[in-house]
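Working notes, structure below.
In this note's numbering, the protein residues as written are 945 to 1167.
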């Protein structure tokens, strides 16, 4: 099924939210966002997964309680390299604003052991080879490090050459203070289901951001 037909179906079934989903889907198919995987989205169209596309694109994955968590998958309402990159980009902007008078900014980047296996079988129609299958908290943490470094922010990362290294939340909080960092991020979905992942931010005290800083950060991340 063509994009035009899917777009019409989204609008007919879901109204304004469907039109929003269609507009966002068009950006991803055109490759206007990083890590968009347009060829995978074309497969969604071929298989006529209208409901899946709607749920994946009708909004941007919400930012709340210090970060983003959600199902790993393709789209703006999923946890994937695109939404992680957007989230970390916003955090960089926040740090540059909040610590404008400080030089040599640094953060601590942690991750758990999660690996996306599509246990629920949502993407079974893509077969056993597609870009997000096997994506890990570790790989998302490495992506976060690259973005921080691109903004001139030093990223402390546990055992960078080790593929399966982890850093726990207590260790993250401790190291922020010990290393004099201004914050950190933990790539983890905590107690969420196994097909989920997420990223949660920590402030210079090693704890979750509190008002009003949490809202200031959220506003920058969601732009």
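Glycine included, every Cβ here is placed at the ideal spot set by N, Cα and C.
Nothing here was measured: the structure is a model prediction, and the numbers come from that model.
Contact annotation: the stretch 1085 to 1104 touches the stretch 1041 to 1056, with at least three C-beta pairs closer than 8 Å. A residue is called buried when at least 16 other Cβ atoms come within 10 angstroms of its Cβ; residue 1027 meets this threshold and is buried. Restricting attention to 1056, 1065, 1070 and 1077, the CA atom closest to the CA of residue 1086 is found in 1056.
Under the three-state reduction of DSSP, residue 1112 is assigned to coil, being neither helix nor strand. Short of 6 Å from the beta carbon of residue 1147, and not among the five residues preceding or following it, lie these beta carbons of its own chain, in chain order: 1127 and 1153. The Cβ atoms of residue 1029 and residue 1129 lie no closer than 8 Å to each other. Taking all protein chains shown into account, residue 973 has 16 or more neighbouring C-beta atoms within 10 Å of its C-beta and is therefore buried.
With respect to the 8 Å criterion, residue 1158 and residue 1014 are not classified as neighbours on the basis of their beta carbons.
Counting the other CB atoms within 10 Å of its CB gives residue 976 a total below 16, which places it among the exposed residues. Of all alpha-carbon atoms in 963, 1142 and 1088, the one lying nearest the alpha-carbon of residue 1032 is that of 1088. Pairwise C-beta distances place the stretch 1118 to 1125 out of contact with the stretch 1036 to 1044, as fewer than three of them are shorter than 8 Å. As summarised for the stretch 1024 to 1062, the continuous beta strand (DSSP E) elements at least 3 residues long and confined to that stretch are 1050 to 1055, given in chain order. Rounded to whole angstroms, the separation of the alpha carbons of residue 985 and residue 1138 is 23 Å. Take residue 1164, set aside five residues on each side of it, and the residues of its chain with a beta-carbon closer than 6 Å to its own are 1034, 1037 and 1038, in chain order. The Cβ atoms of residue 1023 and residue 1005 sit closer than 8 Å to each other.
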